[in-house]
Structure formats: structure tokens, C-alpha cells
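In this text, residue positions in the sequence shown follow this note's numbering: the first is 51, and each later residue adds one. A quick write-up on the structure given underneath.
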Amino acid sequence: MPIAVPQNQPPAVGINGFGRIGRALFRLSLQRTDITVVAVNHTALSLEHLLTAIRYDSTHGACATSIEISIASPDDPRLLPATPTNPRPSGLLYRGHIIHLFSQRDPANIDWKSAGADYIMESTGKMTSREKASVHLKQGAKKVIVSAPSGDVPNVVYGVNHLSGFSPQDDIISNASCTTNCLAPVALVLQRAFGIETGMMTTVHASTASQKVLDGFSTKDIRSGRSAMGNIIPASTGAAQAVVKVLPELKGKFHGISIRVPVTNVSLVDLTVTLSHPVASKEDLIAPFRLAAARRPVRTPDSPSLQGNDDSPALEGVLSVSDEKLVSSDYLSTRFSCIIDVDATVMLNATTAKIVAWYDNEYGFSSRSELDPFVYQG
Numbered sequence: 051m052p053i054a055v056p057q058n059q060p061p062a063v064g065i066n067g068f069g070r071i072g073r074a075l076f077r078l079s080l081q082r083t084d085i086t087v088v089a090v091n092h093t094a095l096s097l098e099h100l101l102t103a104i105r106y107d108s109t110h111g112a113c114a115t116s117i118e119i120s121i122a123s124p125d126d127p128r129l130l131p132a133t134p135t136n137p138r139p140s141g142l143l144y145r146g147h148i149i150h151l152f153s154q155r156d157p158a159n160i161d162w163k164s165a166g167a168d169y170i171m172e173s174t175g176k177m178t179s180r181e182k183a184s185v186h187l188k189q190g191a192k193k194v195i196v197s198a199p200s201g202d203v204p205n206v207v208y209g210v211n212h213l214s215g216f217s218p219q220d221d222i223i224s225n226a227s228c229t230t231n232c233l234a235p236v237a238l239v240l241q242r243a244f245g246i247e248t249g250m251m252t253t254v255h256a257s258t259a260s261q262k263v264l265d266g267f268s269t270k271d272i273r274s275g276r277s278a279m280g281n282i283i284p285a286s287t288g289a290a291q292a293v294v295k296v297l298p299e300l301k302g303k304f305h306g307i308s309i310r311v312p313v314t315n316v317s318l319v320d321l322t323v324t325l326s327h328p329v330a331s332k333e334d335l336i337a338p339f340r341l342a343a344a345r346r347p348v349r350t351p352d353s354p355s356l357q358g359n360d361d362s363p364a365l366e367g368v369l370s371v372s373d374e375k376l377v378s379s380d381y382l383s384t385r386f387s388c389i390i391d392v393d394a395t396v397m398l399n400a401t402t403a404k405i406v407a408w409y410d411n412e413y414g415f416s417s418r419s420e421l422d423p424f425v426y427q428g
């Protein structure tokens with residue numbers, strides 16, 4: 051049976067990995083009342099370093115609510131008892147509750163159960179397989195969401211397949227990738243409205259922490275070792291293949307590449323499609339996106355009325371349409387998975403179109419890693 055969440059008790063969340071996505075998840079959680087972060091596993095040099103990273107960010111700016119966070123006294127009775135792997139328990143205080151802190155390189159040493167964390171946001175980018183992510187279950191967690199694509203657990207994109215892409219009995223799922231979360235809603239709308247014969251995607255992607263500031267060596271490929279700040283770098287992406295996992299009807303129709311560019315955040319999907327049915331005008335092409343953006347997604351199978359149908363997906367809060375002529379920095383910290391750029395979208399003929407969509411590859415993605423599939427279905 052699926053795990054039931056008490057109506058009066060927010061789900062207790064643990065975050066493993068406190069890099070760009072982990073910190074974005076944490077910051078966003080401070081604005082919410084429907085989940086509570088109770089534990090974080092980090093690798094900061096000290097608690098002062100950790101608190102600074104929470105409060106200040108070169109990309110997203112200062113976090114206003116973090117002023118209410120403080121370091122718990124070592125004598126606070128709510129801290130976990132000392133253990134051989136956690137000899138000096140520590141924590142943060144926020145609005146009357148304690149957030150337990152771990153600093154473990156080996157996740158097998160994280161006692162999620164004692165910390166009260168039922169749902170784990172796995173955001174290290176390293177534990178993407180079922181075998182690796184299941185260590186959290188062994189340490190007391192009930193469910194795990196992996197914030198990266200996975201090859202052997204269900205990949206779920208909120209608004210696209212969050213009701214059909216997994217079973218409530220699945221204890222580990224993947225939230226796919228930031229690019230997949232942008233591309234999949236676009237593909238869904240086009241497929242439902244016009245049908246897709248083929249799709250070629252280029253993501254013009256911001257630099258990430260895995261890249262090099264100066265030229266060096268990468269274990270991935272030769273180009274990835276070059277300076278992120280000094281180059282435009284062609285790279286591979288699994289986003290197009292991941293879209294097929296959430297929209298199987300597009301199998302064999304999608305492919306794509308990534309172009310890494312020297313900006314710190316906000317990326318862009320450039321999707322060229324051949325449509326099955328002709329479109330009379332650009333406004334007719336955009337119309338189904340506007341409709342989808344105004345319809346609220348279903349969160350549970352028994353939700354009444356507010357749902358999409360085969361012709362009109364429901365993507366309110368996930369997809370947006372912009373008629374403004376903006377640039378990447380204007381979309382910093384946006385929480386939409388994708389924002390259709392009407393001005394940049396063009397048509398070659400009645401069945402060939404290029405759709406351009408923006409996404410904050412940190413905050414937009416982290417906003418979808420929000421436990422909706424587990425909390426509202428299970």
C-alpha cells in the first residue's frame with residue numbers, strides 16, 4: 051500500500067547533497083508549509099560556511115527567510131545522540147524546529163530514521179541508480195527522489211507523467227533533468243495538438259559546477275575539460291532520450307545536443323519539429339501552449355475537474371508563455387519548468403516550426419523536485 055501522509059503533518063524531508071540543486075531545494079522549502087526539511091547531509095568545511103552558503107548566492111542573491119536560521123547550540127537536547135560516525139551532532143534552528151546536519155561522504159552513515167526524514171531528495175548527482183539510491187531506504191527513508199536522470203527507476207516529469215509514470219509502490223523515482231523538465235511539457239503540448247513526426251533539440255545550457263573554470267581534464271570527454279567561462283562548448287545531452295521515457299509515443303522521433311555557454315544560470319531549449327498536421331499561423335501554434343498554461347495539473351487521481359484531456363494538457367505553474375522580448379537574466383529564479391518565448395518562436399512552413407523555451411536550470415528544476423508524486427498520490 052502507498053504511504054499515507056497525515057493531513058496535519060507536513061512530510062519530513064531529508065536532502066542528501068548540498069550543491070547547486072540541494073541548496074536550491076532547501077531555499078525553496080523555506081517558502082513552503084506543505085513540507086518540512088528535517089535533515090541535510092553536506093560537505094561544508096564548517097557550520098559557518100554552511101550558513102553563509104544558505105544565506106547568500108552569487109546567482110540568486112540573498113535568501114530573505116534565511117535570516118531566521120541559526121546554528122543550534124551543541125547542548126541542544128533535540129540534537130541526535132553522538133555515534134562513532136557522527137561524534138559531534140549538529141543542527142540548524144528555523145522557526146522553532148531543528149534541522150539535523152550530517153557531513154558524511156558515505157551515505158550509509160546517514161541515520162535518516164533517527165533524524166525523522168521519511169522522504170529523501172537525492173541531489174548529489176552521483177547516486178542515480180536504484181542500487182546506489184536504495185542506501186537511503188536502508189537508512190530509514192521511505193521514499194527517494196533522485197534529482198538526475200536514471201536508467202533503472204521511473205523518470206517522472208511533473209505535469210507530463212506524474213500520474214502515470216510510476217506506481218505508488220515505487221520507493222525510488224527520478225525527477226529526470228532540468229532540460230527534460232523543460233522539453234517534455236513542450237513536446238506534450240505539440241504532440242497532443244498537432245502530432246510530432248520528428249524533433250531536433252538544442253539546449254543552450256548555462257555552465258554547471260561539473261565544468262572547469264580554467265582548461266583542465268574531464269573524465270567525460272575532451273571538450274568538457276575546457277574553460278567554462280572562456281568557451282562555447284558542444285556537449286551531449288540525454289534530455290531527448292529522457293523525453294521518450296515520459297512520452298513513449300515519441301520513440302525514434304527525437305534527438306538533441308547541448309551547447310554549454312558562459313553564463314552562470316538560465317538555459318534555453320531550441321526545438322525544431324516537423325508536425326503531423328499543418329498549422330495555419332504562428333498564433334495557432336502558440337494557442338495550445340496558452341491553454342495548457344491556464345489549466346491546473348491534477349495532483350491525485352481523484353482530483354475533480356481541474357485536469358487536462360487528450361487534446362489539452364494541464365500545465366499551470368509548470369509552463370508559461372511570454373510575449374515579452376526578454377533575455378536570460380530576466381528569468382533568474384523563475385519557478386516554471388519552461389517559458390515559451392513567443393517572439394523567438396518561428397515557423398518555416400505549415401508543418402515545420404522552431405519553438406524556443408527558457409528555463410532556470412536550478413530553480414525551475416528544483417521547484418519540480420517537490421515530492422508532488424509521493425505526497426499527493428501516496
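Even glycine gets a Cβ: it sits at the ideal position worked out from N, Cα and C. These numbers come from a predicted model, not from an experiment.
So what's residue i in DSSP terms, helix, strand or just coil?
i, result
"D320", "strand"
"H305", "strand"
"F339", "helix"
"A290", "helix"
"P157", "helix"
"S372", "strand"
"L325", "strand"
"K262", "strand"
"Y381", "helix"
"Q357", "Caution is warranted here: a pLDDT of 41 is assigned to Q357, below 50, making its placement in the model unreliable, and no coordinate value can be reported."
"A243", "helix"
"G414", "helix"
"P284", "strand"
"S268", "coil"
"R128", "coil"
"D334", "helix"
"L151", "strand"
"A165", "helix"
If distances are taken between C-alpha atoms only, which option among the options comes closest to residue i?
i, options, result
"L398", "I170, V329, Q59 and S153", "V329"
"I85", "I389, I170, T252 and G414", "I170"
"L233", "Y413, N315, I390 and N66", "I390"
"S379", "T322, T314, F415 and V207", "T314"
"D373", "Q261, A237 and W408", "W408"
"E118", "E366, E412 and Q81", "Q81"
"N136", "P124, I160 and P127", "I160"
"G146", "S140, P134 and R128", "R128"
Tell whether a beta-carbon distance below 9 Å holds between residue i and residue j.
i, j, result
"F68", "L97", "no"
"S153", "T93", "yes"
"V90", "F76", "yes"
"T229", "S308", "yes"
"L410", "S317", "A small correction: the amino acid at residue 410 is Asp; Leu does not occupy that position in the sequence shown. For D410 and S317, yes; Cβs fall inside 9 Å."
"V319", "C388", "yes"
"A394", "L365", "no"
"P347", "G209", "yes"
"L187", "V194", "yes"
Could you round the C-beta distance between residue i and residue j to whole angstroms and report it? I think they count as a contact, below 8 Å.
i, j, result
"V311", "V254", "6 Å"
"S46", "A198", "Given that the chain is displayed from residue 51 to residue 428, the structure contains no residue 46 and the question cannot be resolved."
"L151", "S120", "Contact doesn't hold; Cβ gap of about 13 Å is too wide."
Step through the CB atoms of chain C and report whether any lies within less than 9 Å of the CB of residue i.
i, result
"V194", "Going by chain labels, chain C is absent from the structure shown, which holds only one protein chain."
Requested in this report: Quick one: which unbroken alpha helix (DSSP H) runs of 4-plus residues sit fully inside the stretch 73-125? Chain order, please.
Outcome: 97-105
Query raised in the report: In chain order, which alpha helix (DSSP H) runs of at least 4 residues are fully inside the stretch 169-238?
Result: 180-183 and 185-188
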